[in-house]
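Worksheet: one structure, shown below.
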Amino acid sequence: MVENRPWANGFAHTVLIIGVALVVFPVYIAIVASTQAPDELLRGTLPLLPGSHGIENYTQMWQSGVSSANSPSAALMLWNSFVMAMAITIGKLFISLLSAFAIVYFRFRFRMFFFWLIFVTLMLPVEVRIIPTYQVVADLSMLNSFAGLSIPLIASATATFLFRQFFMTVPEEMLEAARVDGAGPLKFFKDILMPLSVTNIAALFVIMFIYGWNQYLWPLLITTDPDYTTIVMGIQRMTSEENPQWHLVMAAAVMAALPPVLVILFMQRLFVKGLTETEK
1 MVENRPWANG
11 FAHTVLIIGV
21 ALVVFPVYIA
31 IVASTQAPDE
41 LLRGTLPLLP
51 GSHGIENYTQ
61 MWQSGVSSAN
71 SPSAALMLWN
81 SFVMAMAITI
91 GKLFISLLSA
101 FAIVYFRFRF
111 RMFFFWLIFV
121 TLMLPVEVRI
131 IPTYQVVADL
141 SMLNSFAGLS
151 IPLIASATAT
161 FLFRQFFMTV
171 PEEMLEAARV
181 DGAGPLKFFK
191 DILMPLSVTN
201 IAALFVIMFI
211 YGWNQYLWPL
221 LITTDPDYTT
231 IVMGIQRMTS
241 EENPQWHLVM
251 AAAVMAALPP
261 VLVILFMQRL
271 FVKGLTETEK
């Protein structure tokens with residue numbers, strides 16, 4: 001029996017409230033700053049209450065962006081980021097699922113060698129292979145394209161490893177039963193493994209989507225056309241101006257944070273379940 005200690009509960013709740021405040025306060029400041037007039041943020045003191053220019057600032061950022069910083073409209077940048085993030089996420093999940101399925105359920109020479117070869121790539125940071133990858137993308141004429149933004153980033157050793165570990169816990173009796181029923185490898189994969197992997201797929205979907213959404217170095221390297229500017233690149237360009245328009249920067253930052261937050265909110269239950277569930 002757990003002893004009820006009011007002081008311990010009070011202390012725990014106080015710590016939690018402080019933690020939430022530390023996380024929420026910067027977000028609140030960004031929202032407040034995005035509603036201020038341009039000169040309000042240059043006075044040395046930041047207002048703590050929302051201003052009256054929120055609709056104006058968000059409308060300007062959404063429709064026209066900041067031309068002086070070569071930053072297009074937020075609508076275009078958000079769309080580019082969304083397409084890139086979704087392509088990276090779906091590509092990673094598709095390739096990782098098939099790779100893990102082949103490694104676990106097929107017997108071929110050098111099977112484990114290929115698995116460890118994939119696993120070793122976890123030790124190679126992006127910076128090590130970014131120049132050779134850029135050369136390949138340039139030779140294939142994929143600069144300034146969604147294919148160039150996403151295809152080089154769709155391989156995932158982490159997802160392959162996690163799916164492999166999950167598939168290894170699936171009871172062997174399921175495979176034998178599928179064989180008795182006349183199911184081939186692809187039918188077993190589609191009708192049995194995929195439904196069992198839904199929570200794992202959801203958890204990795206959230207992680208991979210945020211990974212793709214936050215990409216900065218790779219899009220910066222392979223894109224020169226403003227039509228392919230992502231929201232992260234646009235914010236960086238706006239902050240690099242000699243006199244940044246901070247009200248528009250904060251408006252763009254708030255809009256950039258919304259898609260990942262919505263993904264987490266809508267998939268929170270499956271995300272937590274996928275990271276904690278062990279029973280099949």
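Here the sequence shown is numbered in the UniProt record's numbering, starting from 1 and rising by one per residue. By construction, the Cβ of each residue, glycine as well, lies at the ideal position given by its N, Cα and C atoms.
Asked, Found
"Contact set for residue 1: own chain, Cβ-Cβ below 6 Å, skip 5 residues either direction", "Caution is warranted here: a pLDDT of 45 is assigned to residue 1, below 50, making its placement in the model unreliable, and no coordinate value can be reported."
"Straight-line Cα distance separating residue 219 from residue 45", "35 Å"
"Bridge-paired residues (DSSP) for residue 66", "71"
"Residue environment, residue 274, which counts as buried when at least 16 other CB atoms sit within 10 Å", "buried"
"Span of the alpha helix (DSSP H) around residue 28", "6 to 33"
"Nearest residue (CA-CA) to residue 221, options 173, 253, 152", "152"
"Exposed unless 16 or more other CB atoms sit within 10 angstroms - verdict on residue 247", "buried"
"When 86, 130, 161 are compared against residue 120, the one with the closest alpha-carbon", "161"
"Proximity of residue 196 and residue 180 at Cβ, strictly below 8 Å", "no"
"Cβ-Cβ distance between residue 67 and residue 230 below 8 Å", "no"
"Separation of residue 56 from residue 65, as counted between CA atoms", "12 Å"
"Sequence-distant residues of the same chain with beta carbon closer than 8 Å to residue 280, five excluded per side", "The pLDDT assigned to residue 280 is 48, lower than 50, so where the model puts this residue is not dependable, and the model offers no usable value."
"Cβ pair residue 267, residue 88 closer than 8 Å", "no"
"Whether residue 234 touches residue 99 by CB criterion (8 Å)", "no"
"For residue 282, the first and last residue of its enclosing alpha helix (DSSP H)", "The structure shown does not extend to residue 282, since the chain spans only 1 to 280, so no value can be given for it."
"Alpha-carbon spacing of residue 173 relative to residue 148, whole angstroms", "43 Å"
"For residue 262 and residue 129, the rounded distance between their alpha carbons", "32 Å"
"Cβ-Cβ distance between residue 53 and residue 35 below 8 Å", "yes"
"Of the listed residues 126, 106, 158, nearest to residue 95 (C-alpha basis)", "158"
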